[in-house]
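Remarks on the structure that follows.
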Amino acid sequence: MKPIIVIHGGAWAIPERLVEGSMTGVKRAAREGFALLESGASAVDAVEAAVRILEDDPVFDAGHGAVLNADGDVELDAIIMDGKTLAAGAICCVKNVSNPVTLARSVMEKTDHVMLSGAGANQFAASLGIEEVSTEELVTQHAREEWGQYKYSDAVSNLFNMEAAHD
Amino acid sequence: TVGAVAIDAEGNLACATSTGGITNKMVGRVGDTPVIGSGGYADNQVGAVSTTGHGESILKVTLARLIIYHMEQGASPGKAADKALLHMQERVAGCGGAIVISAQGEWTAKFTTKQMAWASMEGGTLCYGLNPGE
Chain W
18 MKPIIVIHGG AWAIPERLVE GSMTGVKRAA REGFALLESG ASAVDAVEAA
68 VRILEDDPVF DAGHGAVLNA DGDVELDAII MDGKTLAAGA ICCVKNVSNP
118 VTLARSVMEK TDHVMLSGAG ANQFAASLGI EEVSTEELVT QHAREEWGQY
168 KYSDAVSNLF NMEAAHD
Chain H
176 TVGAVAIDAE GNLACATSTG GITNKMVGRV GDTPVIGSGG YADNQVGAVS
226 TTGHGESILK VTLARLIIYH MEQGASPGKA ADKALLHMQE RVAGCGGAIV
276 ISAQGEWTAK FTTKQMAWAS MEGGTLCYGL NPGE
């Protein structure tokens, strides 16, 4: 089988200031993920590595580059799934973790569960020795400014080209 | 939100999706990303999908699994993604996007939002796009 990898950096109305960085980031993740596949790595290894690259890039809203919730805090979600076995791992509302996708993979491979949330997921991360990072490290200055300016419903309609907000 | 789907030399498929949410979201709100069948799905017998967009809409139509369902019915990844995204727009007025690879190695990147940054690597070829039709 010929290896293939496809990457996305989010579907929304991308501000001009983020266009170049977004394209650079997805191309880099595709190249590096593909290099892994060519060297014989598994599809799971490749998608984890590619997503980690994007999580480490503050241009993207994931890991470093995350936005702030109503309390001015960061809550991160991630999932990974292995098509060979249908094994899946996910985490939600996790704080202070650089690479949520790797924590999700640990849920898949090191627990009997599919999803861990909030404090439990953070506790699991600590048990694995995953280093905590501060909220300040995960959030850009622009995300802070945006948090101060945005009204919630405006944010959703502007980003996704639609009128509805959350339920 | 970011995501990846891949097929390796053994023909195994995988997906991954990660997000930091939406600015000013309600504390404790969880969107589609970590929910199996919504933010992503992978099955060697059919394909792998990673989604992005308005989380509540994606959850309501279980977008990733819906795309896989259309592929199970014989649709190509492109047609399956188009059909599922149109369904989401018509039924719950939600916009989003998806990247898809089939078990046969066909792939696509589709979206109904203004833009989606995407890239793919197959053989020595890098493909990428940002605006509809690219």
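These protein sequence lines map, in sequence, to chains W and H. Sequential numbering of the first sequence, starting at 18, is according to my numbering. Sequential numbering of the second sequence, starting at 176, is according to my numbering. Every residue, glycine too, gets a C-beta built ideally from N, C-alpha and C.
Of the residues the options, the one placed nearest residue i, counting alpha carbons only
| i | options | result |
| --- | --- | --- |
| H:L305 | H:I274, H:E281, H:A278 and H:I182 | H:I274 |
| W:V156 | W:E55, W:V64, W:E37 and W:V76 | W:V76 |
| H:P307 | H:L241, H:A292, H:K200 and H:N199 | H:A292 |
| H:V202 | W:A121, W:R122, W:D94 and W:S123 | W:D94 |
| W:S151 | W:E163, W:D90, W:M18 and W:I70 | W:D90 |
| W:R161 | H:A181, H:A189 and H:N199 | H:N199 |
| W:A46 | W:E148, W:V68 and W:T102 | W:V68 |
| H:S232 | H:E247, H:E185, H:L260 and H:Q248 | H:L260 |
| W:A138 | W:E92, W:D78, W:G38 and W:A30 | W:E92 |
| H:I310 | H:S213, H:V205, H:G196 and H:V221 | The question about residue 310 of chain H has no answer, for chain H in this structure spans 176 to 309. |
| H:L184 | H:T300, H:Q279, H:C302 and H:E309 | Here residue 184 of chain H is Ala; the residue named in the question, Leu, does not match the sequence. Answer by Cα proximity: H:Q279. |
| W:A80 | W:M18, W:E154, W:G38 and W:A28 | The amino acid at residue 80 of chain W is misidentified as Ala; the sequence shows Gly. Ranking the options by Cα distance to W:G80, first place goes to W:E154. |
| W:G27 | H:G272, H:S295, H:I243 and H:L301 | H:G272 |
Below-7 angstroms beta-carbon distance, residue i vs any chain W residue
| i | result |
| --- | --- |
| H:M201 | yes |
| H:Q279 | no |
| H:E265 | no |
| H:P209 | yes |
| H:L188 | yes |
| H:V180 | yes |
| H:T227 | yes |
| H:K285 | no |
| H:D183 | yes |
| H:G215 | yes |
| H:E309 | no |
Cutoff 7 angstroms: residue i Cβ touching any chain H Cβ
| i | result |
| --- | --- |
| W:F141 | no |
| W:E37 | no |
| W:P32 | no |
| W:S59 | yes |
| W:V150 | no |
| W:A47 | yes |
| W:H159 | no |
| W:A138 | no |
| W:K127 | no |
| W:V118 | yes |
| W:H25 | yes |
| W:E153 | no |
| W:H183 | Interpretation of W:H183 is limited by its pLDDT of 43, a score under 50 that renders its predicted location unreliable; the figure taken from the coordinates is listed afterwards. Output row for W:H183: interface = yes. |
Other residues of its chain near residue i: CB distance less than 6 angstroms, five sequence neighbours each side excluded
| i | result |
| --- | --- |
| H:A191 | A179 |
| W:S134 | C109 and C110 |
| H:S193 | V177 |
| W:D184 | Confidence is the limiting factor: at W:D184 the pLDDT is only 42, short of 50, which leaves the residue's position unreliable and the question unanswerable from this model. |
| W:M132 | A107 |
| W:A185 | As shown, chain W starts at 18 and ends at 184. That puts residue 185 of chain W outside it, with no answer to give. |
| H:G269 | H229, S232 and M263 |
| H:K258 | H245 |
Cβ-based burial, residue i [other Cβ within 10 Å; buried from 16]
| i | result |
| --- | --- |
| H:P209 | buried |
| W:E72 | buried |
| W:R34 | exposed |
| W:P32 | exposed |
| W:K112 | buried |
| W:L120 | buried |
| H:Q290 | buried |
| W:G136 | For the sequence presented, residue 136 of chain W should be read as Ala rather than Gly. Exposed is the call here. |
| W:S144 | exposed |
| H:G299 | exposed |
| H:T227 | buried |
| H:T288 | buried |
| H:S213 | buried |
| H:L301 | exposed |
Spatial neighbours of residue i in its chain, beta-carbon cut-off 7 angstroms, leaving aside the 5 residues before and after
| i | result |
| --- | --- |
| W:A66 | E49, G50 and L53 |
| W:V118 | E65, V68, R69, E72, A95 and I97 |
| H:R266 | V236 |
Cut-off 8 angstroms between Cβ atoms - residues of its own chain near residue i, not counting five sequence neighbours on either side
| i | result |
| --- | --- |
| H:S251 | S277, E281 and T283 |
| W:R122 | V61, E65, I97 and G106 |
| H:H262 | V236 and L241 |
If we count Cβ pairs, one from each stretch, closer than 8 angstroms, do we get three or more for the stretch 125-138 of chain W versus the stretch 30-49 of chain W? no
Indicate whether the contact test is met: 3 or more Cβ pairs, each with one atom in the stretch 213-223 of chain H and one in the stretch 95-108 of chain W, closer than 8 angstroms. yes
Check whether the stretch 80-92 of chain W and the stretch 51-61 of chain W touch, using three or more Cβ-Cβ pairs below 8 angstroms as the test. no
Kindly confirm or deny that the stretch 237-254 of chain H and the stretch 106-119 of chain W touch, where touching means at least three C-beta pairs closer than 8 angstroms. no
Residues, ordered as in the chain, of the stretch 94-111 of chain W that lie near chain A by beta-carbon distance below 7 angstroms: The structure shown contains no chain A; its protein chains are W and H.
Touch check for the stretch 19-27 of chain W and the stretch 275-284 of chain H: three-plus C-beta pairs under 8 angstroms? yes
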